[in-house]
Each structure stands twice: as structure tokens, then as C-alpha cells.
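Undergrad: Letter 317 of the sequence shown, counting from 1, is numbered 586 in my numbering, and no numbers are missing. Beta carbons are placed, not taken as given, at the ideal position from N, Cα and C, and that holds for glycine. Owing to the predicted nature of the structure, the values given are computational and were not obtained by experimental measurement.
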Amino acid sequence: MSYPGYPPPSPYGQPPPPQGGGYYQHHQQPPYGAPPPHAQYNAYQHGQPLQGYGQGQYGAPPPQPYGAPPPPNASYYPPGPPPPHGYGQPPGPPPQQPYGAAPATPTAYPPQPYAVQYPPTPPSPGYGPAMTIPWNPDQDADRLRKAMKGWGTDEKELIRVLADKDPLQINLLRDAFQRRHRRNLIDDIKSETSSWFEEGLVMLARGPLLNDVHMLFNAMDGAGTNEDILNDILLRRSNADLKAIKAEFSRIFRRSLEEMVRGELSMKTERHFMLVLGATRTEDSAPVMKADIDRDVDDIYNATEGKIGTDEMRVCSILSLRNDNQIRAISYEYKQKYARDLDTVIQKEFSGHMKNALLIQLRHGTDKYMLQARLLEDAMAGMGTKDRLLISRLVRAHWDRDNMRNVKNAYEQRYKKKLAKRVLGETSGDYQRLLLAICGEPI
Numbered sequence: 270m271s272y273p274g275y276p277p278p279s280p281y282g283q284p285p286p287p288q289g290g291g292y293y294q295h296h297q298q299p300p301y302g303a304p305p306p307h308a309q310y311n312a313y314q315h316g317q318p319l320q321g322y323g324q325g326q327y328g329a330p331p332p333q334p335y336g337a338p339p340p341p342n343a344s345y346y347p348p349g350p351p352p353p354h355g356y357g358q359p360p361g362p363p364p365q366q367p368y369g370a371a372p373a374t375p376t377a378y379p380p381q382p383y384a385v386q387y388p389p390t391p392p393s394p395g396y397g398p399a400m401t402i403p404w405n406p407d408q409d410a411d412r413l414r415k416a417m418k419g420w421g422t423d424e425k426e427l428i429r430v431l432a433d434k435d436p437l438q439i440n441l442l443r444d445a446f447q448r449r450h451r452r453n454l455i456d457d458i459k460s461e462t463s464s465w466f467e468e469g470l471v472m473l474a475r476g477p478l479l480n481d482v483h484m485l486f487n488a489m490d491g492a493g494t495n496e497d498i499l500n501d502i503l504l505r506r507s508n509a510d511l512k513a514i515k516a517e518f519s520r521i522f523r524r525s526l527e528e529m530v531r532g533e534l535s536m537k538t539e540r541h542f543m544l545v546l547g548a549t550r551t552e553d554s555a556p557v558m559k560a561d562i563d564r565d566v567d568d569i570y571n572a573t574e575g576k577i578g579t580d581e582m583r584v585c586s587i588l589s590l591r592n593d594n595q596i597r598a599i600s601y602e603y604k605q606k607y608a609r610d611l612d613t614v615i616q617k618e619f620s621g622h623m624k625n626a627l628l629i630q631l632r633h634g635t636d637k638y639m640l641q642a643r644l645l646e647d648a649m650a651g652m653g654t655k656d657r658l659l660i661s662r663l664v665r666a667h668w669d670r671d672n673m674r675n676v677k678n679a680y681e682q683r684y685k686k687k688l689a690k691r692v693l694g695e696t697s698g699d700y701q702r703l704l705l706a707i708c709g710e711p712i
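1) With burial defined as no fewer than 16 other Cβ atoms inside 10 Å of the residue's Cβ, what is the status of residue 465: buried or exposed?
2) Tell me the rounded alpha-carbon separation between residue 459 and residue 539.
3) Under the rule that 16 or more other beta-carbon atoms within 10 Å means buried, what is residue 551, buried or exposed?
4) Determine the direct distance from the alpha carbon of residue 481 to that of residue 634, and round the result to whole angstroms.
5) Given a cut-off of 8 Å on the beta-carbon distance, is the pair residue 670 and residue 644 in contact?
6) Does the distance from the C-beta atom of residue 210 to that of residue 390 stay below 8 Å?
7) Taking the C-alpha atoms as reference points, what is the distance between residue 601 and residue 626?
8) Let's test the definition: count the other Cβ atoms within 10 Å of the Cβ of residue 769 and tell me whether it reaches 16, buried, or not, exposed.
9) Going by DSSP, what residue range makes up the alpha helix (DSSP H) through residue 661?
10) Ignore the nearest five residues each way along the sequence and tell me which others in residue 695's own chain have a CB closer than 8 Å to its CB.
11) Quick check: what's the CA-CA separation for residue 583 versus residue 553?
12) Return helix, strand or coil for residue 400, following the three-state DSSP convention.
13) Can you grab the Cα-Cα spacing for the pair residue 301 / residue 399, in whole Å?
14) Could you spell out the range, first to last residue, of the alpha helix (DSSP H) harbouring residue 496?
15) Mind reading off the beta-carbon distance from residue 709 to residue 673? Whole number of angstroms is fine, and I expect it under 8 Å.
16) Here's a check: name, in chain order, each residue in its chain whose Cβ is nearer than 7 Å to the Cβ of residue 488, leaving out the five neighbours to either side.
17) Just the Cα atoms here: how many angstroms apart are residue 619 and residue 579?
18) Rounded to the nearest angstrom, what separates residue 423 and residue 411 at their Cα positions?
19) Can you give the Cα-Cα distance for residue 556 and residue 507, rounded to whole angstroms?
20) Output the residue ranges of the beta strand (DSSP E) runs that lie fully inside the region 481-556 and measure 3 residues or longer, sorted by chain position.
21) Is it true that the CB of residue 404 sits closer than 8 Å to the CB of residue 447?
22) Taking the alpha carbon of residue 664 as the reference point, which residue from 690, 703 and 636 has its own alpha carbon closest?
23) What is the DSSP secondary structure of residue 453, reduced to helix, strand or coil?
24) Measure the CB-CB distance between residue 589 and residue 534 and report whether it falls below 8 Å.
25) Of all the options 531, 542, 532 and 524, which has the alpha carbon lying nearest to the alpha carbon of residue 505?
26) Do you know offhand how far residue 549's Cα is from residue 453's?
27) Mapping DSSP to helix, strand and coil, what is residue 684?
28) Sorted by chain position, which residues of the same chain lie with C-beta nearer than 8 Å to residue 684's C-beta, five sequence neighbours on each side aside?
29) Looking at residue 546 and residue 530, is the spacing between their C-beta atoms short of 8 Å?
As C-alpha cells, this is what we get:
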């Protein structure tokens, strides 16, 4: 982490600080169908109970809020797993015991090794079975048709209709457009718009799952491989989401995603991604066990700094198969024991695609919002804008509105500039208006 004083000095064995994420003012998640608010948000510390690191083994350390002092009379919880993950919601963890109290007798899942099965993380919205929601898409389907019918196109209306929809609404809207107008929404968008504006609208209209599989296919089709797209879509996803992506890829393209990835990558990087695509990552509901963390810390050291050469697959296995809370604990304990950031070790010991993939897996575990902020800046930094990466990363972040607000505030904290202002300087025209709307800005 780059924040001054983070993590705070502490003796070896103290629990790690919480997953980054207190970047905005807490409020109730808007129901499906409600447009995203355009208010500004301030830093806060998540007020939901979080599972303790090594449940029943440590007392509660003082909280480590990001960017602001704790509000008065706030009720804080000890550090634990990340807040709502990716697009989905993990099961709620058990409460932490008071400092110094004897550990409570577990009622459901006592501490056990990684191999024990725990309740699976549910699929993210848009990746699971179709759901019935209290929202009628017909009016918006008609607005889209009117915006593209006849002479000229109402680009602002396309943005207004598509930019604020959640994953469940966008799927209903796409079906309603086909049902009411006997036309394919994505085909109409492609015929009426162009360039990066077209690409952004298509990503929105497809929804998260359909867009993932099309982007994966395009990243591997033809000469060369877009490794950044593979990293963005496949790394640090829940098992349920990965299974949905593999099934949808096979349904649409009549090809196995694993076989196509295997044909594009080689040697140990291929084996790394086969571990990821196996969808056997530890579920988010699994606890963090001190003995397991210590073993992983020593294994990583012995595979990197502790030997001549590097055992790449040992490190890949640990970072691919542990959940975010476990990775956060591993990162913290590594620094406590060996006085070096694990991030620095990976940058020193690895190179190329594997290094980039491992850094994403590690940074997602320690602070998933800051990771997304850094990836957005990477897409805009230097000579020229990596437009496809910028669009896809913004669209992916916006499907979860709370996630988007956290990413915006993480970006401002790190780069001392609002994300919307940065996007404003890199884009223009309808393309600019679209990206600002995806960021939650009024157009």
C-alpha cells in the first residue's frame, strides 16, 4: 500500500489491517431500477460486521480507516474479509469475540484447513439464473428504438437509457427490445454509432456476462493475445462467476474457454491460468487460519527470496486458490516476518504476463478498489489512451454502484484528482459523455 503509516507498526502475530474500501459515505444500496445518485461521497469506515482474522485466536486491534478519522460514537468491527465482492454478495461472517474473551464455540464451520468445503459465494448479478425483478423495461426499449429510428440518432438518449441500468435490468431491456420491435438491440447500436462510442454502448447493452465472453474471444481471436483483457476478466473472480463465464463462452462460440486459453498461452503462464479456470478458489465464507497463513508465507518465501531461482508455480497456486481475506493476511504476515512487501517480492522475482497477473491477484486481496483505480489510471497514462481497456474497466466497475463510488474515491485519494476530471481530459464528444455517465456524472 502507498498510504503513509499503512499498515501501522505492530508486533508479529497481530491481525492484519482490514481490506481497503472505506472510501465513501455509507448509505443504502439503491434498489434495482433506481438511477445512480450524483452526490459526492466522503471517506468512511464500513460499518458492517466483518470476520476476524484467525477467528477466536486474536483480539480486536484498533480499526484502520482510510482517509478520515473514525466518526464519533461509531461502532467498529475487527478486520476481516473484503466488503461485497466483485458484482456479488458473499455470505455474512460470524461476529468477532471481544478482546481477551475466550473463543466462542463455532456453531457451523469450525476452523479447519483450506481443503474443507464452505458455503459457496453466490454468483454476481447477471451471472446466475434469470431473476424476476419489479421493473418493466418496455418504456426504455421504446425510447431506445425512437432514438435510433429514422434520420439521425439521438446519442444523448442512448446514453441516458443505457448508462444507469444494472445487470438484471439490462438483460430484460435487451429482450424487451427484441420482443417489441423485432430487432436486435446490439445490431442496431452498431449500425447507428461508431468508434469508441459504439464500443462503449455495446458493452453496456450486452451486460456483464455476455460482454465478458465476447471480450475474451476477441482478446484471443486472430494474431496475438490481449493479456490485459484476460487478466481483467478472469483473475480474482468467484468460482460461480467463472463457471458461468465458461458455460456461456461454450454456448456462444461452441468452444472450450480452457482450450482456447491454453492455445494462446504457454508454459508456466498457461498452467497459472489453468489453475484459475479450474474454479476451485477457496470460497469467501472460509475463515482465515493462522497456521495456514504461516505455512503459505513460508512457502512463498522459500519459493522466491529463500532460494536461488524461483518456484513460480508454488506462488501462482497460493495466490490463485486463496480467497481475498486469506491473501490479505498472507501479505500482512509476510511483511511482519520477512520485513519486505510481498508486492515488491513479486515485482523482483517475476516478469512479463505472470508478474502482472500475480500483482492483480495480490492487490485485489489487499485493496480491490485501489487496484481498480490503478488499472484505470494505467489505461490513461502515457502517450495515448488505451480506450478499450478504459471503457471495459469503467463498465465493469459501474455494474455495482457502491463499487463504482469506492473506486472513484480511491482514485481521488491516490492521484489527487477526480476520476471524472481525468476522463474528461482523455476523451471528447459523445464518447466523453458516455464515460462520464458510466462514472455516475450528469450529462
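TA: According to the structure shown:
1) buried
2) 34 Å
3) buried
4) 21 Å
5) no
6) This structure leaves residue 210 out entirely; the chain is present only between 270 and 712.
7) 19 Å
8) Since the first and last residues shown for the chain are 270 and 712, residue 769 lies out of range.
9) 656-667
10) 649, 654 and 659
11) 21 Å
12) coil
13) Only weak support is given to the placement of residue 301: the predicted model assigns it a pLDDT of 41, under 50, and the value that follows is read from those uncertain coordinates. If I take the Cα positions, the gap works out to 14 Å.
14) 496-503
15) 6 Å
16) 494, 495, 498 and 499
17) 8 Å
18) 13 Å
19) 16 Å
20) none
21) no
22) 703
23) coil
24) no
25) 542
26) 36 Å
27) helix
28) 642, 646 and 691
29) yes
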